[in-house]
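Undergrad: Before anything else, here's the structure in question.
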Amino acid sequence: MAKRLSANERRASIIKVAKRLFAQSGFNGVSIGEIVKEVGVSPAILYRHFESKDTLYVAVLQEFSATRESYIDAVIADDNGFEKVLRGMTSVFVTSIINHPDVLKMEMHSQLENLDASHDFFLNRWKSFTDYIEFNLIELQSQNKIKSINAKAAALMYQGIIREVLLQKCMPTNDRFQEISVNTLVDNVITLFMKIIEPQHL
Numbered sequence: 001m002a003k004r005l006s007a008n009e010r011r012a013s014i015i016k017v018a019k020r021l022f023a024q025s026g027f028n029g030v031s032i033g034e035i036v037k038e039v040g041v042s043p044a045i046l047y048r049h050f051e052s053k054d055t056l057y058v059a060v061l062q063e064f065s066a067t068r069e070s071y072i073d074a075v076i077a078d079d080n081g082f083e084k085v086l087r088g089m090t091s092v093f094v095t096s097i098i099n100h101p102d103v104l105k106m107e108m109h110s111q112l113e114n115l116d117a118s119h120d121f122f123l124n125r126w127k128s129f130t131d132y133i134e135f136n137l138i139e140l141q142s143q144n145k146i147k148s149i150n151a152k153a154a155a156l157m158y159q160g161i162i163r164e165v166l167l168q169k170c171m172p173t174n175d176r177f178q179e180i181s182v183n184t185l186v187d188n189v190i191t192l193f194m195k196i197i198e199p200q201h202l
């Protein structure tokens, strides 16, 4: 006889399945019926834990948020140069996405579905990353350590390239770089970015 799950275990099992289905098909592409069928419970059981599909979706986002990466260690560990800190932060961020690829898949769906909850979540997920780059590029320009550039545009460009690397590695069927590891690709991106901004003694 199968072990009866506790309320917390049941809730976690629903979130786990919903996370996978939302990543595969997006919010609008998944029904409550599909979720309960995969979990093996009735709709009534699901609604004991979540008032609606919307609240379940928010719970999935909160689950991702609970494992959100922290850049503090990277900044403290490599507090002796922009490039080293950038490499540390990027490594933390990339590792987080590679370990939880459903985050990126849900983000792609959310851009098409225009959901307020997911828009704010994913916007903030990238924001601290690009804000750090932009702030430091402005600071380095003020010290005449790099050439004059549009810091905001440069930060967004860097984010876009890293995002493309992650898309390639999180969507195996479309991976044009199967023979190149994600770490190698990221290392090449950082090296190229540093050449573009032309640092002089960073």
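The opening residue of the sequence shown carries number 1 in UniProt numbering; numbering runs sequentially from there.
C-beta: ideal position from N, C-alpha, C; glycine also.
Quick one: grab the DSSP three-state call for residue 198.
TA: coil
Undergrad: Classify residue 156 as helix, strand or coil using the three-state DSSP reduction.
TA: DSSP places residue 156 in helix when its eight states are reduced to three.
Undergrad: Closer than 6 Å by C-beta to residue 64: which residues in its own chain qualify, once you throw out the five before and the five after it? Chain order, please.
TA: Take residue 64, set aside five residues on each side of it, and the residues of its chain with a beta-carbon closer than 6 Å to its own are 103, in chain order.
Undergrad: Taking all protein chains shown into account, decide if residue 30 is buried (16 or more other Cβ within 10 angstroms of its Cβ) or exposed.
TA: buried
Undergrad: State the Cα-Cα distance for the pair residue 115 and residue 89, rounded to the nearest angstrom.
TA: 28 Å
Undergrad: Are residue 140 and residue 165 touching if we call contact CB-CB under 7 Å?
TA: no
Undergrad: Give, in chain order, every unbroken run of the alpha helix (DSSP H) that is at least 4 residues long and sits entirely within the region 81–135.
TA: 82–99, 101–113
Undergrad: Have a look at residue 137 and residue 125 and give me their C-alpha separation to the nearest angstrom.
TA: 20 Å
Undergrad: Write down the C-beta distance between residue 61 and residue 121 rounded to the nearest angstrom, noting that I regard them as a contact closer than 8 Å.
TA: Between residue 121 and residue 61 the Cβ distance is about 5 Å, and since that is below 8 Å, they are a contact.
Undergrad: When you compare only the Cα positions, how much space is there between residue 24 and residue 171?
TA: 11 Å
Undergrad: Out of 27, 26, 28, 35, which one is the CA nearest neighbour of residue 12?
TA: For residue 12, the nearest C-alpha among the options comes from 35.
Undergrad: For the putative contact between residue 206 and residue 20, defined by C-beta atoms under 8 Å, what is the C-beta separation to the nearest angstrom?
TA: Summary: the structure shown does not reach residue 206, with the chain confined to residues 1 through 202, and so no result is reported for it.
Undergrad: In angstroms with no decimal places, state the Cα-to-Cα distance between residue 22 and residue 44.
TA: 20 Å
Undergrad: Residue 155 and residue 133 - do their beta-carbons sit closer together than 7 Å?
TA: yes
Undergrad: By a C-beta neighbour count over all protein chains shown, 10 Å radius and 16 as the cutoff for buried, is residue 105 buried or exposed?
TA: Residue environment for residue 105: buried (at least 16 other C-beta atoms within 10 angstroms of its C-beta).
Undergrad: Helix, strand or coil for residue 145? Go by DSSP, reduced to three states.
TA: coil
Undergrad: Out of 18, 194, 96, 41, state which residue places its alpha-carbon closest to the alpha-carbon of residue 147.
TA: The shortest Cα separation from residue 147 among 18, 194, 96, 41 belongs to 194.
Undergrad: Taking the alpha helix (DSSP H) that residue 13 belongs to, which residues open and close that run?
TA: 7–25
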